[in-house]
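This report concerns only the one structure given below.
In my numbering, the protein residues as written are 880 to 1144.
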């Protein structure tokens, strides 16, 4: 499981995704599975003091190599079958030590977070392809923050060997999609990954063809899509009506309906 939040770790919760990433691994282990969870460390106070440094990764990003550190967090009360991994890099703490998300201005939405999670996604892909974490049967990505893992596996030749993995994408909040320009910006897909040939029909925002939409990429590039609750699964099949305070498909109700009708929901 790859996510931006994980409430198994104190201080790593903002919303409901943290609860899911905390509880679902434990539930899966009770069914006989083993689960590895990978999140950014965010330089949370004292966190790395209780973690084992595993390796330093050289991750291609924005035209050069970034050194990303991989740790295994060792909780005082281990959960049998669940292992907790952390990636650390100065970019992950750009909002301040321990802060998960940045408050970007309205004219540059997601700009800092998108770059941060793009590097995190590249670090995850590098961990997997270099076998620093055991190759999973299922790669489970949570929300837009991790969708670029699927993009890198699909289009970066360096990670082609990971295409045999079964991939799942869970939608927690369809209203937040992480949309950024494809090019001509320091926080843009072609800035992060300048040498990747991609299919814009799969990753671009239908309402802004010059932008990548990570949420759409997640929907298009995995084998199965999960929704965080049965009720929310029904809501996002309906068109949003913001005047009435209803946040449904956020322009994606037709895409969500299509996936549902194909049995890949």
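Yeah, the Cβ is synthetic: ideal placement off N, Cα and C, and Gly gets one too.
Item: Local conformation of residue 1103 per DSSP, three classes; Value: strand
Item: Beta carbon of residue 964 nearer than 8 Å to that of residue 944; Value: no
Item: Sheet register partners of residue 1083 (DSSP bridge); Value: 1091
Item: Counterpart residues of residue 950 in DSSP-defined beta bridges; Value: 932 and 965
Item: Option nearest residue 1037 by Cα separation, candidates 968, 1023 and 1076; Value: 1076
Item: Extent of the continuous alpha helix (DSSP H) to which residue 996 belongs; Value: 990 to 1008
Item: Distance CB(residue 991)-CB(residue 921) smaller than 8 Å; Value: no
Item: Residue 1034: first and last residue of the uninterrupted beta strand (DSSP E) it sits in; Value: Careful: residue 1034 lies outside any beta strand (DSSP E), inside the alpha helix (DSSP H) at 1026 to 1034.
Item: Inter-stretch contact at 8 Å, needing at least 3 Cβ pairs: the segment 1018 to 1026 / the segment 1061 to 1070; Value: no
Item: Beta-bridge pairing of residue 915 - partner residues as DSSP gives them; Value: 962
Item: Reduced DSSP category for residue 1049 - H, G, I as helix; E, B as strand; rest coil; Value: strand
Item: Endpoints, the alpha helix (DSSP H) within which residue 1041 is located; Value: Neither: residue 1041 is in no alpha helix (DSSP H) and is coded neither H nor E.
Item: Neighbour-count burial assignment, residue 932, 16 or more Cβ in a 10 Å radius; Value: exposed
Item: Nearest-angstrom Cα separation, counted from residue 916 out to residue 889; Value: 15 Å
Item: Residue 1053 to residue 962 span [Cα, whole Å]; Value: 28 Å
Item: Coarse secondary structure for residue 825, derived from DSSP in three states; Value: Summary: the structure shown does not reach residue 825, with the chain confined to residues 880 through 1144, and so no result is reported for it.
Item: C-alpha distance - residue 975 paired with residue 919, whole-angstrom precision; Value: 13 Å
Item: Beta-carbon proximity check, residue 938 vs residue 985, cutoff 8 Å; Value: no
Item: Inter-residue spacing [alpha-carbon to alpha-carbon] between residue 1034 and residue 1051; Value: 25 Å
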